[in-house]
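Comments concern the structure below.
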Amino acid sequence: VKGSGRRRKRPRRSPGSDDIQRVIAESIETVYSEDEADEILSLKDLADYVRNQQYSAFWHAVEGSKRLILVHIVGDEAPWIKYSVVLKADLTLTCYVAKTSVARLGSSLCIPTAVKSKRALMEFLESIENWDSSLSSTSDSLDEDIGEAVRLLPGKSTATPTEDKAAAIHFLREQFNLLSTKKERRRYSVDFMVFSCILFTISPHAYKYICSSGNISLPNPMIIRSVCLSSGMNSQPLPQSATFLRYAAKRISDLDDEERLVTLMVDEIHIKPFFDYKGGSTTDVAPNSTEVASSVLVFTVQSLRCQFKEVVHIVPMQRADAQFLHKLLIDLICGLEKIGYRVACVVNDGSSVNREAMSHFTSPPNEGIVYPHPSDPARPLFFVIDPVNILKCIRNSWLDQSNDLLCFYFPEFHAEPTRVQRMLSASFTTIRDLYNLENYQLVRYGYSLSREALYPVNTERENVKLALQIFNNSLPKVLRALGAKHKLRFFEETASFIEIIVKWWRIVNVKAPDTGTALRDQFQEPVFPSEDDPKVDFLYKFLDWLDEWKGKDLDSGTLTSETHAALQHTTHALVEVARYCFTELKLSCILLGKIQTDNLEERFGNSKHLASPQYHNSIRQLHESEGELQPQDSLPTVAAACETENEGDEQWEDLHKQEHTFHPSNTVGVTGEALSKLEDTLPVLVYVAGYAVHATLERLNCVKCRPVLSINKAINISVAQRHFKLAKELAGGGLFFSNNVCHKRCCAQLHCRSGTVEAGGVSEDAKPAPACHRPHGGVS
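Numbering (the UniProt record's numbering), first residue to last: 1 to 780.
Pasting the structure below:
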């Protein structure tokens, strides 16, 4: 106390205080010294430090001028590097497993991007060693090793030598992920789902066998069926149907404006004439007759600027009628134009009915190569007779000649101006003699020839592949090589005739822009707007040659009048189509092979293969096979629409978020009036909706999903809720309500099936449905 006079005592020093201070000072000095020793001075200093540690048995240091490499070598009979850690001079770190750079090992071990001290590096190396030992010590080490190896495969193959293996690597990665996941939780990528759907549509039996074998994990066939059926792509036979051109309208979103320039191909398929009753209706009744249909007209569009081709309409017919066909053509062309397609020309087989139907586009009817467009009279609509059919007719006319040697008598194509044009003879018998010379030889000059092409039966006369064995680019060379040696009659003239037809065919059959470059043939390149294009020049000379041949007025040894007129018509029409595309549409080139029915014939073959092995299929089989073929064209475009630059493993459910998918619209109107029509079936619908919620909850096995999908409350049946009575009686009180969303979804599905869908939203007065607590009961 101040002023008390007492002296303040000095505090006593504890006997151990000096020792404590000394220990603290020593500790601080030790920390400084350890931090100094832990500091990485150079890569050489770090390499020496690693070698002196106890981990040197696992890690081996390889010192370089600019980096330090730490490797773990597996001591097999053929040693190999399993792990490698690369440290650069700036102390950045990269870890590799085999040859693959990784950012994570397992689920918990993250790879740092840089190290700041020796201690941190040693802890990281120790963690890799511990992780490796934990893999080898577990009972499932083999599966985990395989899983880790598959997971470390590169997500995207960027190196040029392995680009063709990238898809296989992605497939292996996804397969292992699927195998390591429970079946109810498996999710498939878009590409794999598309692959599965296409495989199923090609062969359902093969798909089921692959699934049952267990070699590959595939989606259940029921899932595939639901995906294919949800597309709504089945063709409808009647133009007044609400689904007329619906599939064509969906596919147009895959095309750019330039790619929407199309040709409309028409062909007739003979079917089995009988009434086919299925699903409460008959499908084989011809709309233009009360009799059973004996054939169908198939309408296909094909883009002139891309590979797009699709069947857009199928109509059963009892007998061909020009007026009915003309009306169909107008409806289809105007319908396609309204959707957004631009129909440039119509292609058919040139039969009398088809020609008459086209002639009605003018008044009075007149046959020609161009007509006023039905949607816009200022635009032209070209008419082309199928070049594929013409080629078969030329071969068949050659076979049907009445002279002994089956000769065509034709004028010389390249006549010298100083002499008179000669008449030449092309003998089909000469080709047969050539074939007989080498028939029993293992190695032959005429390798393209077969007996079916030289002696065809009636069905083989319609096979264009057999006709192309005659009109083959190599056959004239073979005739000249063996003709003089074996004294074959008219071999030179026969070779000249084949060369004329082959050159014409090479020009009109170009389907790809790079065909001519690949084959080094200028006549198989696209037609260009150049004035000196040799292809266009040849077509004009070919027309002059046909005029000269027709002017000879021969009774035999010539084409039939129909074949000659069709050949002249098509050649002239193709020249005019090319001119229109260059002058009016400003196209840079045109592929004349797009203006033919070759792709339509291929589609017929696939349909017959899917339908049944019988020669004539029914209209129902044709519709069903078309419903299976359409996804093979549509699904790849869905996969392409879902691709992104950063994510290659998008799930199938992401398709619902895409803009260009072909799934039915989710906007379905379920009004009170519509529900009143289904009053008798509402009790069943309530029970089905409840069981659907129960099955969903059982499959999800998620506690949070239960309140989202259902409302847990007792059922009090009132007069307005008598449709709950069936569910209560069947379940004995063990039910709870599904929410409004689930019930509306079931109502919408039922209306979609029954075809009473209206535009707009689902009505808000739809009642919730009960969901079962137990798996028994319900309508599946």
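C-beta: ideal position from N, C-alpha, C; glycine also.
Own chain, CB closer than 8 Å to Gly516, minus 5 neighbours either side, in chain order: For the purposes of this step, residue 516 is taken as the residue at position 516 of the sequence shown. Result list for Gly516: Val510, Gln522, Phe523, Gln524, Glu525 and Pro526, in chain order.
Pairwise C-alpha distance: Ala206 and Ser551: Taking the sequence shown and counting its residues from 1, the one referred to as residue 551 is at position 551. Taking the sequence shown and counting its residues from 1, the one referred to as residue 206 is at position 206. First, the residue type needs correcting, since residue 551 is Gly and not Ser in the sequence shown. About 59 Å.
Residue burial classification, His170 (beta-carbon count within 10 angstroms, cutoff 16): By 1-based counting over the sequence shown, the position of residue 170 is 170. The residue is buried, with at least 16 neighbouring Cβ atoms inside 10 Å.
Where Cys407 falls: helix, strand or coil (DSSP): Residue numbering aside, residue 407 sits at position 407 when the sequence shown is read from its first letter. Strand, per DSSP.
Chain-order list of residues whose beta-carbon lies under 7 Å from that of Phe542 (same chain, five-residue window excluded): As a working mapping, residue 542 is identified with position 542 in the sequence shown. For Phe542, where only same-chain residues beyond five positions count, the Cβ hits under 7 Å are Trp504 and Thr571.
Inter-residue CB distance, Phe382 and Val577 (contact presumed, cutoff 8 Å): Position 382 of the sequence shown, counting from 1, holds the residue named residue 382. Position 577 of the sequence shown, counting from 1, holds the residue named residue 577. With 8 Å as the limit, Phe382 and Val577 qualify as a contact, their Cβ atoms being about 5 Å apart.
Candidates Leu91, Pro112 and Phe58, of which the one nearest Ser101 by Cα: Stepping through the sequence shown from its first residue, residue 101 is reached at position 101. Answer by Cα proximity: Pro112.
Residues near Pro456 in its chain [Cβ-Cβ closer than 8 Å; skip 5 each side]: What you label residue 456 is simply residue 456 of the sequence shown in a count that begins at 1. Leu399, Asn463 and Leu466.
Sequence-distant residues of its chain with Cβ nearer than 8 Å to Leu245 (five each side left out): Residue 245 sits at position 245 when you count from the first residue of the sequence shown. So the qualifying residues of the chain are Val312, His313, Leu332, Gly335, Leu336 and Ile339.
Three or more C-beta pairs below 8 Å linking the region 362-382 and the region 287-307: no
Burial state of Asn458, where buried means 16 or more other Cβ atoms lie within 10 Å: The sequence position of residue 458 within the sequence shown is 458, counting from 1. Answer is exposed; the Cβ neighbour count stays below 16.
Beta strand (DSSP E) segment containing Ser561, residue limits: As a first step, residue 561 must be located in the sequence shown, where it is residue number 561. It is not in any beta strand (DSSP E) - Ser561 instead sits in the alpha helix (DSSP H) that spans Ser561 to Thr583.
Coarse secondary structure for Ser294, derived from DSSP in three states: In the sequence shown, residue 294 corresponds to position 294, counting from 1. Here Ser294 sits in coil by DSSP.
Cβ separation of Pro387 and Val508, assumed to be a contact under 8 Å, to the nearest whole Å: For the purposes of this step, residue 387 is taken as the residue at position 387 of the sequence shown. For the purposes of this step, residue 508 is taken as the residue at position 508 of the sequence shown. At roughly 5 Å, the Cβ-Cβ gap stays under 8 Å, so Pro387 and Val508 are in contact.
His326, enclosing alpha helix (DSSP H) - first and last residue: In the sequence shown, the residue the question calls residue 326 occupies position 326. Looking at the DSSP string, the run of the alpha helix (DSSP H) that includes His326 is Ala322 to Ile339.
Ile216: first and last residue of the uninterrupted alpha helix (DSSP H) it sits in: Looking up residue 216 in the sequence shown gives position 216. From DSSP, Ile216 is part of no alpha helix (DSSP H); its letter is neither H nor E.
Inter-residue spacing [alpha-carbon to alpha-carbon] between Leu709 and Met193: For the purposes of this step, residue 709 is identified with residue 709 of the sequence shown, where counting begins at 1. For the purposes of this step, residue 193 is identified with residue 193 of the sequence shown, where counting begins at 1. So the alpha carbons of these two residues sit roughly 27 Å apart.
Cβ contact check for the region 324-331 and the region 352-370: 3 or more pairs under 8 Å: yes
Under 9 Å between C-beta atoms of Ile470 and Ala453: If you number the sequence shown from 1, residue 470 lands on position 470. If you number the sequence shown from 1, residue 453 lands on position 453. Yes, the Cβ-Cβ distance between Ile470 and Ala453 is below 9 Å.
Whether Val262 touches Phe299 by CB criterion (9 Å): Position 262 of the sequence shown, counted from the start, is the residue given in the question as residue 262. Position 299 of the sequence shown, counted from the start, is the residue given in the question as residue 299. Against a cut-off of 9 Å, the Cβ pair of Phe299 and Val262 comes out as no contact.
Option in Asp48, Val74, Glu77 and Gln53 with minimal Cα separation from Gly64: For the purposes of this step, residue 64 is identified with residue 64 of the sequence shown, where counting begins at 1. Considering only alpha carbons, the answer is Asp48.
Collapsed DSSP secondary structure at Tyr83 in the structure displayed: In the sequence shown, residue 83 corresponds to position 83, counting from 1. Strand at Tyr83.
Among Glu259, Asp256, Val296 and Glu258, the one whose alpha carbon lies nearest that of Ile269: On the sequence shown, position 269 is the one that residue 269 refers to. Minimum Cα distance to Ile269 is reached at Val296.
Distance, Ser84 Cα to Cys95 Cα: In the sequence shown, counting from the first residue as 1, residue 95 sits at position 95. In the sequence shown, counting from the first residue as 1, residue 84 sits at position 84. Cys95 and Ser84: Cα-Cα distance of roughly 6 Å.
For Ala114, the residue or residues it bridges with in DSSP: Here residue 114 is taken as the residue at index 114 of the sequence shown, counted from 1. Looking at the DSSP assignment, Ala114 forms a beta bridge with Thr92.
Best match in Arg489, Ser474 and Phe413 for proximity to Arg432 [C-alpha to C-alpha]: Position 432 of the sequence shown, counted from the start, is the residue given in the question as residue 432. The shortest Cα separation from Arg432 among Arg489, Ser474 and Phe413 belongs to Arg489.
Per DSSP, the bridge partner or partners of Asp267: Here residue 267 corresponds to residue number 267 of the sequence shown, with the count starting at 1. Val298.
Within 9 Å, strictly: CB atoms of Pro534 and Cys589: Counted from its first residue, the sequence shown places residue 534 at position 534. Counted from its first residue, the sequence shown places residue 589 at position 589. No; because the gap between Cβ atoms is not below 9 Å, this pair is not in contact.
Beta bridge counterpart(s) of Leu70 as assigned by DSSP: Within the sequence shown, the letter at position 70 stands for residue 70. Beta-bridge pairing links Leu70 to Ala61 and Val85.
Cβ-based burial, Ile173 [other Cβ within 10 Å; buried from 16]: Stepping through the sequence shown from its first residue, residue 173 is reached at position 173. In the sequence on display, residue 173 carries Arg and not Ile. Buried, since its Cβ has 16 or more Cβ neighbours within 10 Å.
Whole-angstrom C-beta distance between Leu567 and Leu592, which should lie under 8 Å: In the sequence shown, residue 592 corresponds to position 592, counting from 1. In the sequence shown, residue 567 corresponds to position 567, counting from 1. That belief does not hold up - the Cβ atoms of Leu592 and Leu567 are roughly 14 Å apart, past 8 Å.
Three-state class that DSSP yields for Ile500 in the structure shown: As a working note, residue 500 is residue 500 in the sequence shown. Three-state result, Ile500: helix.
Sequence-distant residues of the same chain with beta carbon closer than 6 Å to Phe428, five excluded per side: For this step, residue 428 is matched to residue 428 along the sequence shown. These residues qualify, in order along the chain: Trp398 and Leu406.
Boundaries of the alpha helix (DSSP H) in which Ser359 is found, first to last residue: As a first step, residue 359 is located in the sequence shown; it is residue number 359 there, counting from the start. Note, Ser359: alpha helix (DSSP H), Ser352 to Ser359.
Rounded separation between Glu126 and Asn215 - CA only: Walking along the sequence shown from the start, residue 126 turns up at place 126. Walking along the sequence shown from the start, residue 215 turns up at place 215. So the two alpha carbons sit approximately 39 Å from each other.
Exposure label - Cys393; buried when at least 16 CB within 10 Å: Taking the first residue of the sequence shown as position 1, residue 393 is located at position 393. By the 10 Å Cβ count, Cys393 comes out buried.
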